[in-house]
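So the structure is just underneath, and the comments pick up after that.
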Amino acid sequence: MDFLRNAIVEIGLWIEGLLINAGLAEPAADVIMTVVGAFVVGFTPLMIVVFLIWMYRKVSARIGGRMGPNSSGTWAGPWGLVQPIADVIKMFTKEDIRPQGIDVIPYNLAPIIIVVAAVMIWAVMPFGPGAEMVGADLNIGIFYVLAFSSAALIAFLMAGWSSNNKYAVVGAFRAVAQLLGYEIPQLLSILIVVMVVSSFVGPQGNPLSLQSIVEAQEGMIFLVVLPLPALVFWLASLAEINARPFELLEAESELVAGVQIEYSAMKWGMFYVGEFMGSVAVSALFATIFLGGWRGPWVDTAPVLGTVWFLLKILFMLNVWTFFQMTLPRLRIDQMLAFNWKFLVPLSLFAICVIGVVNKLIPEGATSWLRSGILLATNVVILLLAWAVLAIGKRRRELRAPAGAGVEVGA
Amino acid sequence: MTQLVLFVIFGAITLAAAIAVVTARNLFHAVLWLLLAFFGVAGLYVLLEAPFFAAAQLFIYMGAIGVLIIYALMLTRGVMRQQVPLVNDQWALVAVLAVALLAVLSWLFLQHTWPTVDQAVGPDSLRTLGEALVDPGRYGFPFEVASVLLVMALIGAVTIVRER
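Protein chains in written order, with the working numbering: chain C, 201 to 611; chain S, 252 to 415.
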């Protein structure tokens with residue numbers, strides 16, 4: 201029964217016991233278990249991604265009124281489940297075309313950096329309650345994730361510049377404009393959550409650690425308490441992972457494929473996997489920060505259920521991402537920049553001031569329900585204010601525009 | 252022991268990358284080496300049990316300053332050439348200044364008695380740092396002055412590029 205309660209920790213302890221029985225000293229066994237744990241945390245996302253890509257293709261095909269991967273032509277397993285594995289094998293066996301005039305080392309390094317940065321993020325994700333279920337519960341937690349997500353930017357620049365292709369360079373320029381800009385609202389929205397966390401878990405907790413962000417959502421998930429930061433975070437993250445409607449980095453009709461234009465075979469595959477893992481990581485971050493991470497029914501009695509809830513929440517957010525990806529058109533580059541600098545950044549700066557003051561004004565002894573309610577009300581008021589400002593601006597533009605001229609869309 | 256090995260590794264990475272920055276003949280490669288040097292310094296911060304500084308090093312130096320340098324480089328004409336001359340006609344004067352700077356730094360380094368602390372860094376080092384930064388009696392004022400400086404730089408940049 202104990203085994204069922206927390207299977208993953210029990211398996212770890214069992215293997216360590218085996219190693220010690222085989223004659224290993226305990227420190228050596230500890231080191232081996234740490235290495236094994238690092239491999240598990242690093243490789244599980246890479247392996248799961250193969251299945252997630254199948255899910256993405258299936259769901260996006262259904263949205264487009266198609267069948268998606270299936271066995272109608274060649275056999276590809278039930279519902280086309282084996283299709284991604286065939287794709288991976290195809291990718292490995294394709295010829296690696298190396299264009300002329302490339303800068304060899306940065307060109308080959310860029311796809312590696314993308315995948316490594318995407319894998320590193322999983323080290324601090326809490327997969328369940330307790331310290332054993334986090335790769336490393338760093339005291340900087342969420343800041344670590346943000347630091348590594350900026351490595352993708354360097355990789356895009358390296359790839360764009362070293363490919364000796366003008367479309368790739370334009371893609372890299374756009375990557376910098378978009379990724380650097382949207383980092384700001386993303387960071388500010390997380391900062392709002394971090395400010396609030398310490399009021400929920402008390403002064404002892406570490407508000408930057410993802411585990412204590414999950415613990416702070418004991419009464420109510422943060423999506424309900426702080427809907428405004430959740431919205432800002434999700435939109436900014438969509439831009440960070442180059443998803444529609446912010447898919448300007450590889451806008452097919454303008455840039456052919458953006459920075460990855462000269463990549464083929466497995467290096468292209470690494471770009472694809474790296475970007476897809478970026479969306480999985482954003483889904484996992486959203487699930488952790490705003491949907492309560494591993495929280496769910498019966499987690500107290502069976503902690504292993506926490507991992508299941510966490511994965512289900514990631515799947516849900518991935519499908520939300522797929523819906524965005526399949527149903528929204530692409531913005532123009534000026535709209536993308538204006539939406540960030542004229543709407544998301546001021547909104548999140550305003551929200552950070554108001555929510556910070558309101559959260560401090562609530563007395564220390566207030567129940568978490570009261571606190572959640574007041575914060576929710578504050579969020580709704582700020583959202584209504586933002587909507588009112590947008591509506592007034594739109595009215596003014598319409599009045600100013602000459603009759604018959606198209607009204608400029610965008611925030 | 253592990254600490255020492257890691258320190259030597261990260262120190263070697265930082266030094267080698269820094270030397271490569273000044274000897275690289277391709278400007279773009281020089282920036283990439285500089286990024287590697289930043290990364291090595293981040294590793295040293297981790298060894299000093301200052302993970303916040305390590306992440307800030309990655310986030311600010313690699314993510315922002317490195318990108319800014321690459322951007323500035325791409326706007327220059329020199330980056331179009333594969334090989335750039337490493338020195339100009341002022342190299343003799345610069346060499347004298349560099350040696351003088353090295354001499355002053357080495358003298359300071361050898362003459363100063365470096366304080367050491369017996370106890371390890373506490374688990375709440377980040378909280379201590381945060382509280383020190385907003386405490387008016389400690390670093391509150393310099394912290395605010397630094398933010399005013401940054402805001403001034405921001406406003407200045409906007410003023411320069413604004414169309415009139």
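Even glycine gets a Cβ: it sits at the ideal position worked out from N, Cα and C.
If I measure Cβ to Cβ from residue i and keep anything under 6 Å in the same chain, skipping five residues before and after, which residues do I get?
{"i": "C/P329", "result": "P503 and G506"}
{"i": "C/Y636", "result": "One cannot answer for residue 636 of chain C here, as it falls past the ends of chain C, which runs 201 to 611."}
{"i": "S/L384", "result": "Y390 and F394"}
{"i": "C/P299", "result": "E462"}
Are any of the Cβ atoms in chain C nearer than 9 Å to that of residue i?
{"i": "S/S322", "result": "According to the sequence provided, residue 322 of chain S is Tyr. The question's Ser does not apply to it. Judged by the 9 Å Cβ criterion, S/Y322 is in contact with chain C."}
{"i": "S/G407", "result": "no"}
{"i": "S/D386", "result": "no"}
{"i": "S/N339", "result": "no"}
{"i": "S/M252", "result": "no"}
{"i": "S/F360", "result": "no"}
{"i": "S/M403", "result": "no"}
{"i": "S/A315", "result": "yes"}
{"i": "S/F279", "result": "yes"}
Is the Cβ-Cβ distance between residue i and residue j less than 9 Å?
{"i": "C/M420", "j": "C/S572", "result": "yes"}
{"i": "C/I314", "j": "C/N364", "result": "no"}
{"i": "C/L218", "j": "C/F476", "result": "no"}
{"i": "S/A281", "j": "S/A293", "result": "no"}
{"i": "C/V369", "j": "S/M313", "result": "no"}
{"i": "C/L531", "j": "C/F433", "result": "no"}
{"i": "S/P302", "j": "C/I340", "result": "yes"}
{"i": "C/K258", "j": "C/P269", "result": "yes"}
{"i": "C/S272", "j": "C/P278", "result": "no"}
{"i": "C/V397", "j": "C/I384", "result": "no"}
{"i": "C/P311", "j": "C/W468", "result": "yes"}
{"i": "C/L155", "j": "C/Q378", "result": "Outside the shown range of chain C, which is 201 to 611, sits residue 155 of chain C, and nothing can be said about it."}
{"i": "C/A351", "j": "S/L353", "result": "no"}
{"i": "C/L353", "j": "C/A375", "result": "yes"}
{"i": "C/A359", "j": "C/A372", "result": "yes"}
{"i": "C/V304", "j": "C/Q411", "result": "no"}
I want to verify the contact list: residues of chain S whose CB lies under 9 Å from the CB of residue i, in sequence order.
{"i": "C/P445", "result": "Near C/P445 there are no residues of chain S at all, since even the closest Cβ is about 24 Å away, more than 9 Å."}
{"i": "C/N442", "result": "Result: empty, since nearest Cβ-Cβ is about 16 Å, beyond 9 Å."}
{"i": "C/L391", "result": "Neighbours of C/L391 on chain S: none; closest Cβ ~13 Å, over 9 Å."}
With a CB to CB cut of under 8 Å and the five nearest residues on each side skipped, what residues in its chain are close to residue i?
{"i": "C/V199", "result": "This structure cannot speak to residue 199 of chain C, because chain C is shown only from 201 to 611."}
{"i": "S/I320", "result": "V282 and L285"}
{"i": "C/P427", "result": "L576, N579, V580 and L583"}
{"i": "C/W498", "result": "L505"}
{"i": "S/Q254", "result": "L298"}
Using 9 Å as the limit for Cβ to Cβ distance, is residue i near chain S?
{"i": "C/M651", "result": "The structure shown does not extend to residue 651 of chain C, since chain C is modelled only from 201 through 611, so no value can be given for it."}
{"i": "C/L544", "result": "no"}
{"i": "C/S412", "result": "no"}
{"i": "C/S362", "result": "yes"}
{"i": "C/G281", "result": "Per the sequence presented here, residue 281 of chain C reads as Leu, with Gly not at that position. False, the Cβ-Cβ gap to chain S never drops below 9 Å."}
{"i": "C/L449", "result": "no"}
{"i": "C/N406", "result": "yes"}
{"i": "C/L380", "result": "yes"}
{"i": "C/E383", "result": "yes"}
Along chain C, which residues have their Cβ under 9 Å away from the Cβ of residue i?
{"i": "S/L283", "result": "I305, P306, L309, I354 and M358"}
{"i": "S/V302", "result": "Just to set this straight, residue 302 of chain S is Pro in the shown sequence, not Val. Those within 9 Å of S/P302 in chain C are L338, N339, I340, F343 and Y344."}
{"i": "S/A275", "result": "Correct list: empty, because the minimum Cβ distance to chain C is about 11 Å."}
Identify the contact partners of residue i in chain C, using a Cβ-Cβ distance below 8 Å as the criterion.
{"i": "S/L309", "result": "A347, F348, S350 and A351"}
{"i": "S/L286", "result": "I354"}
{"i": "S/A377", "result": "The question names Ala, but residue 377 of chain S in the sequence shown is Leu. By Cβ distance, chain C contributes N339, I340, N406 and L408."}
Leaving out five residues on either side along the sequence, give the residues of the same chain with a beta carbon under 7 Å from the beta carbon of residue i.
{"i": "C/L391", "result": "I552"}
{"i": "S/I260", "result": "none"}
{"i": "C/I232", "result": "L219"}
Quick one: which chain S residues come within Cβ less than 7 Å of residue i?
{"i": "C/N365", "result": "Result: empty, since nearest Cβ-Cβ is about 14 Å, beyond 7 Å."}
{"i": "C/V376", "result": "V318 and Y322"}
{"i": "C/L549", "result": "The premise fails here: C/L549 is roughly 12 Å from chain S at the closest Cβ pair, so nothing lies under 7 Å."}
Could you tell me if the beta carbon of residue i falls within a distance shorter than 8 Å of some heavy atom in the ligand MN?
{"i": "C/S363", "result": "The ligand MN is absent from the structure shown, which contains no ligand whatsoever."}
Give the interface partners of residue i over in chain S, defined as CB-CB distance under 8 Å, in chain order.
{"i": "C/L537", "result": "Correct list: empty, because the minimum Cβ distance to chain S is about 14 Å."}
{"i": "C/L455", "result": "Chain S residues near C/L455: none, gap ~17 Å exceeds 8 Å."}
{"i": "C/W485", "result": "In the sequence under discussion, the amino acid at residue 485 of chain C is Leu, which differs from the Trp named in the question. Under the 8 Å cutoff, chain S gives no residues; its nearest Cβ is about 15 Å from C/L485."}
Just the chain C side, please: which residues come within less than 7 Å of residue i by C-beta, in chain order?
{"i": "S/L343", "result": "The sequence as given places Ala at residue 343 of chain S; Leu does not occur at that position. None at all; the shortest Cβ gap to chain C is about 33 Å."}
{"i": "S/A306", "result": "I340, F343, Y344 and A347"}
{"i": "S/F261", "result": "Correct list: empty, because the minimum Cβ distance to chain C is about 17 Å."}
Minimum length 4: unbroken alpha helix (DSSP H) runs contained in the segment 433-479 of chain C: 452-455
Every unbroken alpha helix (DSSP H) inside the segment 254-341 of chain S [4 residues or more]: 278-298, 302-307 and 317-325
Whole runs of the alpha helix (DSSP H) within the segment 268-305 of chain C, excluding any shorter than 4 residues: 283-293
Continuous alpha helix (DSSP H) assignments of at least 4 residues falling wholly in the segment 488-542 of chain C: 504-527 and 533-538
Inside the segment 201-250 of chain C only - alpha helix (DSSP H) runs reaching at least 4 residues: 202-205 and 207-221
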